[in-house]
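Residue numbers (this note's numbering): 1 to 488.
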Ligand code: ABU
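Here it is, written out as structure tokens:
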């Protein structure tokens, strides 16, 4: 069907599809257009004005397919809009988008050099560059692009376990002691999920206490390790986070690396969000000590605004990925090929087929000479300053803004049930569609807004708009009375 749209260029169909895409890009950048045109699931399932999700019995004509393309975008969310603050991955980079289009046009698979010669070599070049920014030596470093930060973090736990217990590959978990891993209470849930997926068990994940800013407290890590050992567990892995999901906090990697060294533990840095700061001379000090990590997760689809998805797991020890995952399927990874088969990188992964995620990053890197730029902290600093002067907002914590993200808590006076405020405002916000920001509770803090800044298109006026919109939508919520037995 897609072929029909593209092959009918003589009838102008090619250009119509292109026009739909270009109009969408223009709208995404236009502040007078909405971020979203929200409909409830049942409304979309019912179909809207000529748009139906149902699959027809007969092929649809090209006109209808073009309507389907246009409306698919119409009822979606413009994540590249300057007033979209909802997710860590935002922005619509045109070079990156061109890279994504080229990638789909090439439509190949990353498992072998045989079918993806250029992309395989690009991946090698980019991974090497990323390793240089981490600070590993020429002799060190390996890696692979994976389908997102959760998968990259999963790789880190998998590799750490294999590093200490290579026989796990053949004998399984029953041949191992009871393993323990450590991560901060503010870290991403993917670390616990990795423990679940790999048969280690969520109860063997120790959530280390953080300070008020959300950074892991090294003394608490030491205490957790001792506690685990006291219970007869075998500590093997520590995750530190460079840019936590909600607070954007950076764990003190250097201090934690000292503890890992003392106990002989694998040190992983989850830099899915904050890894991009390695490219900034001004901000890279937040990741001081990352060069001591055994592995690093870094998602260019977050702070670097590469189109989804683009995530790398970088591993200090060369060859470990291959040894850990290699199964040598003979129909793909023949050893008697006429080229250097080390370029058949597919057996380093736990996948078989693998999407080409590298090209858009490679192209953006070329276009921007990334290391000479750094993310702007202006919008977050502006919001921080603005909220300090407003009586109807309260900051979740007071520390100085120095990273491109900040968080706020909406507070209404009197006996209003505070935990209900953010969800109510968010619901109204989505129905109105002019902006979008996420909320969540965290620890002892009831629901508050997390405002992500990484879209370069966002300006101070957009921050003003967001704050005014939250105030406007929350102006009539005094009916949300606090009822003591509802908790917070
Ligand atoms: N690790 C995925 C984070 C998604 C988000 O908070 O936007």
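In this text, a Cβ means the ideal position worked out from N, Cα and C, and glycines have one as well.
| Check | Outcome |
| --- | --- |
| Beta-carbon gap between residue 93 and residue 307 smaller than 8 Å | yes |
| Span of the alpha helix (DSSP H), counted from its first residue to its last, around residue 382 | 378-388 |
| Every unbroken alpha helix (DSSP H) inside the stretch 235-288 [4 residues or more] | 253-263 |
| Beta-carbon proximity list for residue 209, same chain, < 7 Å, skipping 5 on both sides | 185, 217, 220 |
| DSSP beta-bridge partners of residue 179 | 234 |
| Counterpart residues of residue 439 in DSSP-defined beta bridges | 449 |
| Contiguous alpha helix (DSSP H) assignments of at least 4 residues, all confined to the stretch 83-167 | 94-106, 117-134, 149-164 |
| Option nearest residue 377 by Cα separation, candidates 449, 312, 440, 460 | 460 |
| Sequence-distant residues of its chain with Cβ nearer than 7 Å to residue 327 (five each side left out) | 347 |
| Sub-8 Å separation of residue 106 and residue 358 beta-carbons | no |
| Check: residue 272 C-beta below 7 Å from any heavy atom of the ligand ABU | yes |
| CB-CB length for residue 304 against residue 99, believed under 8 Å | About 13 Å; that fails the 8 Å criterion. |
| Under the three-state DSSP convention, the category residue 294 falls into | coil |
| Every unbroken alpha helix (DSSP H) inside the stretch 329-368 [4 residues or more] | 358-368 |
| Chain-order list of residues whose beta-carbon lies under 8 Å from that of residue 125 (same chain, five-residue window excluded) | 362 |
| Backbone secondary structure at residue 312 - three-state DSSP | strand |
| Host alpha helix (DSSP H) of residue 64 (start-end) | 62-74 |
| Validate contact between the stretch 190-203 and the stretch 153-165 using beta carbons, cut 8 Å, 3 pairs | yes |
| Buried/exposed call for residue 473, threshold 16 Cβ in 10 Å | buried |
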